[in-house]
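Just below is one structure, and these are the notes that go with it.
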Amino acid sequence: MNHIPTIGIVGGIGSGKSTVASLFASQGCAVANADENAKKAFEILEVQNQIQDWWGEQIYNSKGDLDTKKIASIVFSDDSERKRLESLIHPIVARFQQEIFDACGDGVIAYVIDAPLLFEAGLELQCDAIVFVEASQETRLRRVLSARGWGENELVTREASQLPLDKKRKKADYVIINEGDLSAVEHRVKEVLEEIRNSDST
Ligand code: ADP
204 MNHIPTIGIV GGIGSGKSTV ASLFASQGCA VANADENAKK AFEILEVQNQ
254 IQDWWGEQIY NSKGDLDTKK IASIVFSDDS ERKRLESLIH PIVARFQQEI
304 FDACGDGVIA YVIDAPLLFE AGLELQCDAI VFVEASQETR LRRVLSARGW
354 GENELVTREA SQLPLDKKRK KADYVIINEG DLSAVEHRVK EVLEEIRNSD
404 ST
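In our numbering, the protein residues as written are 204 to 405.
Here it is, written out as structure tokens:
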């Protein structure tokens with residue numbers, strides 16, 4: 204049986220990691236999205252109980268739902284709280300990811316991990332290749348502003364809690380530039396995928 208390579212996708216917020224991941228998916232790769240899996244982790248009752256234990260009722264809004272903005276404000280203003288939350292959530296995200304890949308069986312050509320905190324969570328150890336998605340801060344800011352309604356402050360604060368982008372870029376095996384033309388990105392995704400598959404089989 205052929206080995207199925209695992210590809211990790213990293214890059215700044217709004218660089219286009221999820222966009223690139225979906226291009227890998229359309230080439231026949233299975234994709235696990237860490238942000239989506241983290242959202243699912245927050246739905247687990249034990250997780251909610253644990254964070255309520257730490258931070259009290261303030262984590263719920265007036266409707267009784269988890270207040271993700273409040274949680275973000277707690278963890279992005281205090282490193283130790285962020286690390287505490289990450290140590291709770293990351294193992295669950297890794298478990299969900301494994302379940303997604305296991306469910307795909309052998310019918311995929313690669314597994315793709317779309318995880319903003321790939322290195323921080325130690326997920327790079329599972330990867331045969333790391334792809335860095337590159338876009339300028341100006342482009343990334345424009346994208347998150349229109350897609351998520353974030354301001355510069357939010358982007359900078361969140362990125363400050365992550366491994367610096369130049370370090371992530373250095374650790375990567377491939378760079379995909381995502382500044383504008385999506386067809387150019389698609390072409391590059393195919394090229395990178397082929398190279399990874401070729402080097403994986405040698
Ligand atoms: P990330 O996963 O790195 O945070 P996304 O893939 O979610 O980034 O992209 C952020 C936003 O920018 C999304 O709304 C996405 O549709 C848009 N986007 C990404 N790449 C491009 C591109 N090449 N051209 C136009 N819009 C893009």
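Glycine included, each C-beta is placed from N, C-alpha and C at the ideal position.
Less than 8 angstroms between the beta carbons of residue i and residue j, yes or no?
i: ARG285; j: SER364; result: yes
i: TRP353; j: VAL347; result: yes
i: GLN230; j: VAL392; result: yes
i: PHE227; j: LEU385; result: no
i: ALA237; j: ALA318; result: yes
i: ILE210; j: VAL311; result: no
What is the C-beta distance between residue i and residue j, in whole angstroms, given that I count them as a contact (C-beta under 8 angstroms)?
i: ILE316; j: ILE212; result: 7 angstroms
i: GLY259; j: ARG343; result: With a Cβ gap of about 34 angstroms, GLY259 and ARG343 do not count as contacting.
i: PHE279; j: ARG345; result: At roughly 21 angstroms, the Cβ-Cβ gap does not stay under 8 angstroms, so PHE279 and ARG345 are not in contact.
i: ILE207; j: TYR314; result: 6 angstroms
i: ILE262; j: ILE274; result: 6 angstroms
i: ALA224; j: PHE304; result: Contact doesn't hold; Cβ gap of about 14 angstroms is too wide.
Going by Cα to Cα distance, which pick from the options is closest to residue i?
i: ASP270; options: LYS242, LEU291, ASP384; result: LYS242
i: LEU326; options: VAL336, GLN300, SER339, ARG346; result: GLN300
i: ASN356; options: SER276, SER290, ARG298; result: SER276
i: VAL296; options: GLN340, CYS330, ALA332, ALA235; result: ALA235
i: GLY267; options: GLN251, TRP257, GLY219; result: GLN251
i: GLY383; options: SER339, ALA350, GLU394, LEU366; result: SER339
i: CYS330; options: GLU302, ASP376, ILE303, LEU366; result: ASP376
i: LYS220; options: GLU302, LEU366, VAL388; result: VAL388
What do you get for residue i, buried or exposed, if any count of 16 or more other CB atoms within 10 angstroms of its CB means buried?
i: ASN240; result: buried
i: ASN205; result: exposed
i: ALA306; result: exposed
i: GLU337; result: buried
i: ASN381; result: buried
i: GLY308; result: exposed
i: HIS293; result: buried
i: ALA442; result: The question about residue 442 has no answer, for the chain in this structure spans 204 to 405.
Validate contact between the stretch 321-337 and the stretch 358-372 using beta carbons, cut 8 angstroms, 3 pairs: yes
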